[in-house]
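**Student:** Quick mapping for you: the protein sequence lines, in order, are chains D and Y.
Under the UniProt record's numbering, the first sequence has 526 at position 526, and the numbering climbs by one with no breaks.
Under the UniProt record's numbering, the second sequence has 416 at position 416, and the numbering climbs by one with no breaks.
Take this structure, written in structure tokens, and hold onto it; I'll ask about it next.
2 protein chains.
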Amino acid sequence: MYKAPVEEIAFTLKHVAGMADALDRGLFGELGDDLVDAILAEAGRFASDEVAPLAEIGDRQGARLENGEVRLPDGWKELYRNWAAGGWNALTANEEFGGQALPHMLNVAALEMWNSGSMAFALAPTLTMGAVEALSAHGSPALKDKYLARMVSGEWTGTMNLTEPHAGSDLGAMKTRAERHDDGSYRIFGQKIFITWGEHQATDNIIHLVLARLPDAPAGTRGISLFLVPKYLVNDDGSLGARNDLFCHSLEHKLGIHGSPTCTMIYGDGRHGEEEGAVGWLVGEENKGLACMFTMMNNARLAVGMQGVAICEAATQKAVAFAKERTQGKAPGWTGAGMSPIIEHPDVARTLVTMKALTQGARAICFACAHAIDLSHRSAGEGSRHWQERAALLTPIAKSFATDAGVDVASLGIQVHGGMGFIEETGAARYLRDARIAPIYEGTNGIQAIDLVTRKLPLSGGDQVRGFIAELQGIVAEVRESNAEGFGTSAARLAAAIADLSVATEWLLAAQGEGRVHEALAGATPYQRLFGLVLTGSYLAKGALATTGDGAEQNRIALCRFAAENLLSETAALKDRVVNGAASLAAARAILA
Amino acid sequence: MYKAPVEEIAFTLKHVAGMADALDRGLFGELGDDLVDAILAEAGRFASDEVAPLAEIGDRQGARLENGEVRLPDGWKELYRNWAAGGWNALTANEEFGGQALPHMLNVAALEMWNSGSMAFALAPTLTMGAVEALSAHGSPALKDKYLARMVSGEWTGTMNLTEPHAGSDLGAMKTRAERHDDGSYRIFGQKIFITWGEHQATDNIIHLVLARLPDAPAGTRGISLFLVPKYLVNDDGSLGARNDLFCHSLEHKLGIHGSPTCTMIYGDGRHGEEEGAVGWLVGEENKGLACMFTMMNNARLAVGMQGVAICEAATQKAVAFAKERTQGKAPGWTGAGMSPIIEHPDVARTLVTMKALTQGARAICFACAHAIDLSHRSAGEGSRHWQERAALLTPIAKSFATDAGVDVASLGIQVHGGMGFIEETGAARYLRDARIAPIYEGTNGIQAIDLVTRKLPLSGGDQVRGFIAELQGIVAEVRESNAEGFGTSAARLAAAIADLSVATEWLLAAQGEGRVHEALAGATPYQRLFGLVLTGSYLAKGALATTGDGAEQNRIALCRFAAENLLSETAALKDRVVNGAASLAAARAILA
């Protein structure tokens with residue numbers, strides 16, 4: 001059973017991702033080390049003791065649609081309410097509406113643990129937090145007053161309604177329409193698919209944020225507006241009014257995250273409500289809906305990245321525990337009686353250490369991204385702009401590297417379990433089933449790569465990424481200076497990997513500068529992985545350097561060395577694909593005809 | 001819907017894997033080109049038109065245990081009977097018992113197509129063929145006379161009973177026991193798990209081959225005997241007699257291959273049968289049961305490799321079709337109206353071409369392995385020994401590379417489908433769920449790697465693998481000589497990859513020679529993948545060289561170039577892991593404590 005790795009998380013937050021420094025500088029107000037530890041410990045306890053025990057039943061029963069209502073798995077309604085009652089939904093929200101205004105770093109750390117407990121469950125708060133963020137940034141004072149406090153507290157959940165059957169990654173193709181109403185409200189008509197936690201009975205109301213198109217809107221993405229559409233209308237005294245004209249038409253039958261209801265939502269077909277159309281209110285300005293969504297995009301993508309980290313951690317814990325218990329054969333050098341635990345077999349050990357390294361790397365990247373988001377909010381002027389860029393640069397890497405790692409590590413975890421891994425009751429397979437959506441939603445990892453190469457590399461004329469690479473080179477210098485024997489050839493390996501990253505970066509910037517966008521995009525995914533691997537090595541080194549004088553230090557150094565000497569060797573191939581791969585891909589394109 | 005790639009398969013068999021030469025030399029008797037094509041076409045038709053349409057219902061309904069009997073998915077009983085009536089079970093078996101004595105190459109090609117149609121369904125014949133093979137090689141004349149003809153025809157299916165809860169990869173830990181009976185028969189008592197198609201109603205009888213231990217057997221793997229244990233006893237006139245004392249206790253709830261009943265079998269608990277214990281007959285000699293199993297190991301492992309190829313092909317077909325239909329966004333350079341098909345996006349094209357290359361590579365490796373098996377049976381003296389070694393060397397690579405590719409390609413296929421890939425009705429997720437068992441059963445891919453490094457590399461003092469590598473270098477020379485422009489840098493890339501393979505091979509041979517087995521095993525999995533990648537590149541080149549003067553030639557050259565310039569770059573990292581990776585793995589071992 002999953003046990004939240006509270007100490008490891010705290011260490012990574014503080015000493016790898018930059019929280020210790022931010023605390024020292026008072027950027028997080030009165031927040032101190034002790035409170036951070038206490039919050040993490042309690043979030044971890046809730047994840048381990050409350051969430052994780054209900055994950056399996058959630059997977060097995062799934063969310064079910066019965067008479068138009070979604071029935072959650074046994075115990076989940078109470079679980080959600082206990083979670084909200086713990087104040088967890090309010091960690092980062094503004095104090096004005098009951099939030100605790102704590103750093104995002106703390107929130108993503110807690111999200112990791114809840115997702116390790118049950119990714120399907122943690123999706124509910126993840127979506128609500130996104131809706132809170134969009135509403136906080138763009139809602140009118142009246143809308144905020146009416147809705148925000150109860151969303152911040154978690155009394156009501158929120159959803160994001162973007163996708164339609166023919167408008168997934170390309171929201172410009174959207175057809176859901178909105179009509180202006182005399183009283184300043186709007187009426188929404190249309191169908192939305194893949195709406196996470198779109199309907200359920202855990203809360204009295206559900207606040208839908210819906211993208212739709214006004215009759216006179218420009219075509220494409222510049223003609224999309226964002227609306228708040230509650231399941232139940234809310235009277236001015238805060239009491240619930242009539243049922244709004246919207247409902248959950250069906251639930252998807254999915255590979256994983258069974259406990260999370262993935263709804264097809266119908267707005268304005270007249271089945272519910274007192275008048276025609278689903279009543280909604282504009283959030284932000286007309287036709288500026290996409291900009292409102294983009295506000296929360298970094299956080300949402302990072303939250304999905306945390307799902308990847310969460311699965312990595314849980315799958316690794318499970319595989320390590322199994323490999324210690326399960327005995328088969330005799331490993332070379334095994335002198336014990338009978339068969340050896342399979343963890344003694346070098347190939348199994350390689351698998352498990354690889355899982356550990358990917359987990360730690362993905363976690364550090366995501367926490368560094370959260371740190372950048374925090375500092376962008378808590379710095380002034382140039383500093384804010386710098387950290388905004390850093391967050392923007394890190395977001396696609398955090399999302400893609402962590403979610404790819406989630407799938408890979410979950411799959412390795414099944415492999416470690418042998419035949420038992422294929423049996424659902426073992427639980428290892430669920431991690432793979434759950435993990436598999438994360439590289440897809442909130443922008444597929446291929447789209448993250450396009451975003452990274454075409455929008456993020458050019459930030460500040462390329463100087464944001466160059467500055468970041470220079471920082472990584474600084475870590476290499478520290479490894480060299482440390483002279484700690486355990487690092488082996490880490491410094492040289494890491495330096496070579498960073499050089500690969502630098503070459504690939506300059507090549508991509510030049511290609512785009514010269515209008516060879518097609519060639520740059522051909523290498524976008526290898527580049528994105530290259531960046532993630534380099535960061536994994538760099539952050540493992542940073543963690544090793546930050547530890548002193550005990551077994552933990554030796555372990556961190558050893559993990560860094562393993563990553564440097566066994567995983568980073570891939571960077572040369574990835575760089576080569578970026579720099580030399582486009583021509584053969586273009587030539588091979590005809591094969592697909 | 002899956003359409004069997006009959007032409008591609010025929011081409012690969014004949015011109016890449018060596019069948020054309022073998023036909024020319026008359027090694028396959030009167031078998032000619034036309035008959036090969038006709039058999040492949042009909043096997044493909046059956047796979048596409050009969051098997052594939054029942055795959056989805058098989059997955060959804062699964063096999064169910066009802067009142068001690070296994071109920072197959074709707075239509076599967078008839079499907080099996082039609083399949084057997086087509087004579088498909090008898091392709092390779094001896095003519096003495098009704099077999100057609102056709103090459104294994106033809107059988108694995110057909111297996112690929114049936115597995116593409118439904119891997120869960122194709123498991124039934126796969127297991128029966130294994131049982132036929134073991135019985136043919138080791139059964140007494142009396143046993144063969146009584147059972148073989150009806151197993152060859154497929155009138156009865158066969159099973160292999162190896163695994164027990166604490167004896168999976170390590171069969172020495174087995175506890176099922178056998179007692180000698182006065183009449184020369186035996187009585188079997190024990191529990192076996194993970195028995196594929198262990199119980200069903202598609203045939204009147206099921207012939208179980210069961211490993212068990214005699215009371216006076218030596219400990220470990222040298223004390224295991226093989227028994228034939230029929231579900232119904234067979235009278236001397238061939239009619240069915242009493243029910244034997246064995247039954248299916250339960251079915252596993254698995255990640256995939258739902259239509260295939262995975263049974264826990266109980267032998268000799270007295271619930272059925274007229275006397276105590278399940279009645280069985282010895283196959284081969286007492287305590288030599290494992291040797292009997294090893295006889296069929298190469299074929300069984302190759303058959304699992306074909307499952308990997310089959311999933312690759314089916315998942316790729318599905319993804320390519322989707323990517324041509326689905327429109328989203330505008331790819332760079334897209335000049336059509338509206339959104340472009342996603343296949344136009346470079347990242348999607350890269351994914352699809354990668355899937356194609358892995359599929360073709362895995363197929364060619366498996367067919368080459370089947371060719372080696374065929375020639376080992378159909379050559380004399382030194383030739384037979386050579387091909388036996390070649391088959392032995394290729395088997396772990398074929399099994400592991402193809403099954404890893406199956407998982408990777410199925411996962412990429414989901415990714416191409418975006419959100420729809422996560423929805424079960426789409427069908428892309430089933431491929432991943434089915435594929436995930438193949439790297440595990442018939443010896444995990446980690447065990448294949450141990451086998452490759454410790455048993456196969458040392459064959460003929462290392463000269464078998466060295467000779468093979470020299471052959472691959474010959475392909476490079478041909479690419480160089482061909483001077484075809486489309487190859488790009490293929491020759492140089494391939495030469496470098498083969499050099500990596502050669503260095504890693506010599507290092508592993510030396511390490512073992514010097515007693516550093518632990519270090520050799522630490523690199524076994526990277527080495528195995530390195531070998532598979534080099535073979536992929538080499539066989540794609542061989543196929544390209546064998547085609548002349550049309551669009552197909554250009555396509556083959558382009559795919560070879562893509563593999564050479566985009567996939568083979570990984571070999572340097574893999575070699576490095578073999579040669580330099582062990583020390584850091586050993587140092588990191590403490591992390592797992």
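Built from N, CA and C at the ideal position, the CB exists for glycine as well.
Would Y/P526 pass as a contact of Y/G474 if the rule is Cβ separation under 8 Å?
**Tutor:** Contact flag unset, no.
**Student:** Please report the Cβ distance between D/L228 and D/G284, rounded to the nearest whole angstrom; I am assuming they are in contact, meaning their Cβ atoms lie under 8 Å.
**Tutor:** In fact, because the Cβ distance is near 10 Å, the residues do not count as touching under 8 Å.
**Student:** Can you list, in chain order, the residues of its chain whose CB lies under 6 Å from that of Y/D191, leaving out five sequence neighbours each side?
**Tutor:** For the sequence presented, residue 191 of chain Y should be read as Gln rather than Asp. These residues qualify, in order along the chain: I266.
**Student:** So which of D/I224, D/L375 and D/V407 has the shortest CA-CA distance to D/N161?
**Tutor:** With distances taken between Cα atoms, D/N161 lies closest to D/I224.
**Student:** Quick check: the region 193-213 of chain D against the region 66-84 of chain D, are there 3 or more CB pairs under 8 Å?
**Tutor:** Because the criterion of three Cβ pairs below 8 Å is met, the region 193-213 of chain D and the region 66-84 of chain D touch.
**Student:** Is it buried or exposed, Y/A337, if we count other Cβ atoms within 10 angstroms and call 16 or more buried?
**Tutor:** Exposed, by the Cβ-count rule.
**Student:** Under 8 Å between the Cβ atoms of Y/N244 and Y/T395?
**Tutor:** No. Outside cutoff.
**Student:** For D/V51, report the span of its alpha helix (DSSP H) as first-last.
**Tutor:** No alpha helix (DSSP H) holds D/V51; DSSP gives it neither H nor E.
**Student:** List the residues of chain D whose Cβ lies closer than 9 Å to the Cβ of Y/E424, in chain order.
**Tutor:** In chain order: E252, H253, K254 and L255.
**Student:** Within the continuous beta strand (DSSP E) that includes Y/Y186, where are the two ends?
**Tutor:** Start and end: Y186 to T196.
**Student:** By the DSSP assignment, the beta strand (DSSP E) with D/M151 in it spans what residues?
**Tutor:** Unbroken run through D/M151 is the alpha helix (DSSP H), P141 to V152; no beta strand (DSSP E).
**Student:** Taking the C-alpha atoms as reference points, what is the distance between Y/A499 and Y/A573?
**Tutor:** When rounded, the distance between both Cα atoms is 13 Å.
**Student:** For Y/G532, count the other beta carbons within 10 Å of its own beta carbon; 16 or more makes it buried, fewer makes it exposed. Which is it?
**Tutor:** Result: buried.
**Student:** Which residues in chain D have a C-beta closer than 7 Å to the C-beta of Y/R350? List them in chain order.
**Tutor:** By Cβ distance, chain D contributes A522, T525 and L585.
**Student:** Counting only Cβ pairs nearer than 8 Å, list the residues of chain Y close to D/A300.
**Tutor:** Under the 8 Å cutoff, chain Y gives no residues; its nearest Cβ is about 15 Å from D/A300.
**Student:** Could you give the residue range of the beta strand (DSSP E) that holds Y/M265?
**Tutor:** Run containing Y/M265: T262 to Y267, per the beta strand (DSSP E) assignment.
**Student:** Note down, in chain order, every chain D residue with its Cβ under 7 Å from the Cβ of Y/A449.
**Tutor:** Under the 7 Å cutoff, chain D gives D347.
**Student:** Determine, for D/R561, whether the minimum Cβ-Cβ distance to residues of chain Y falls below 8 Å.
**Tutor:** Judged by the 8 Å Cβ criterion, D/R561 is in contact with chain Y.
**Student:** What is the rounded straight-line gap between the Cα of Y/D374 and the Cα of Y/P5?
**Tutor:** Near 23 Å, if we compare the C-alpha coordinates of Y/P5 and Y/D374.
**Student:** Could you list the residues in the region 313-341 of chain D with a C-beta less than 7 Å from some C-beta on chain Y, going in chain order?
**Tutor:** Answer set for the region 313-341 of chain D: V320, Q328, G329, P332, G333 and M339.
**Student:** Starting from the C-beta of D/H181, find all residues in its chain whose C-beta is less than 7 Å away, skip the five residues before and the five after it, and write them out in chain order.
**Tutor:** If we look at D/H181 and ignore the five residues flanking it on each side, its Cβ neighbours are R187.
**Student:** Counting pairs of Cβ atoms below 8 Å between the region 337-348 of chain Y and the region 362-369 of chain Y, do you hit three or more?
**Tutor:** Because the criterion of three Cβ pairs below 8 Å is not met, the region 337-348 of chain Y and the region 362-369 of chain Y do not touch.
**Student:** Counting only the same chain and skipping the five closest in sequence on each side, list residues whose C-beta sits under 8 Å from that of Y/R64.
**Tutor:** The answer, listed in chain order, is V70, R71 and L251.
**Student:** Taking the DSSP output, what are the residues bridged to Y/E66?
**Tutor:** Y/E69.
**Student:** Check whether chain D comes within 8 Å of Y/I440, counting only Cβ atoms and requiring the distance to be less than that.
**Tutor:** Chain D contact via Cβ: present.
**Student:** With a threshold of 7 Å, establish whether the CB of D/K356 neighbours any heavy atom of the ligand ATP.
**Tutor:** As presented, the structure is devoid of all ligands, the ligand ATP included, so that no description of it is given.
**Student:** On the CB-based measure, 16 or more other CB atoms within 10 Å of its CB, does D/M1 come out buried or exposed?
**Tutor:** Per the 10 Å Cβ criterion, exposed.
**Student:** Can you say whether Y/E344 is buried or exposed, counting buried as having 16 or more other CB atoms within 10 angstroms of its CB?
**Tutor:** Buried, by the Cβ-count rule.
**Student:** Using a beta-carbon distance cut-off of less than 9 Å, what residues from the region 213-228 of chain D approach chain C?
**Tutor:** Included in the structure are the protein chains D and Y, with no chain C among them.
**Student:** Below 7 Å on C-beta distance, what does D/D576 contact in chain Y?
**Tutor:** Chain Y residues near D/D576: S569.
**Student:** Are Y/C292 and Y/T359 close, meaning C-beta to C-beta below 8 Å?
**Tutor:** It is not a contact, given that the beta carbons lie outside the stated cut-off.
**Student:** Taking a contact to mean a Cβ-Cβ separation below 8 Å, would you say Y/G172 touches Y/G220 in this structure?
**Tutor:** Yes; because the gap between Cβ atoms is below 8 Å, this pair is in contact.
**Student:** Which residues, in order along the region 144-169 of chain Y, keep a beta-carbon less than 9 Å from a beta-carbon of chain D?
**Tutor:** Those residues of the region 144-169 of chain Y that come within reach of chain D (Cβ to Cβ, closer than 9 Å) are T163, H166, A167, G168 and S169.
**Student:** For the region 411-423 of chain D, which residues have a CB atom closer than 7 Å to at least one CB atom of chain Y, in sequence order?
**Tutor:** Result list: S411, I414, Q415, G418, G419, G421, F422 and I423.
**Student:** Check whether the region 270-282 of chain D and the region 374-390 of chain D are in contact - that is, three or more C-beta pairs closer than 8 Å.
**Tutor:** Output reads no: the region 374-390 of chain D does not touch the region 270-282 of chain D.
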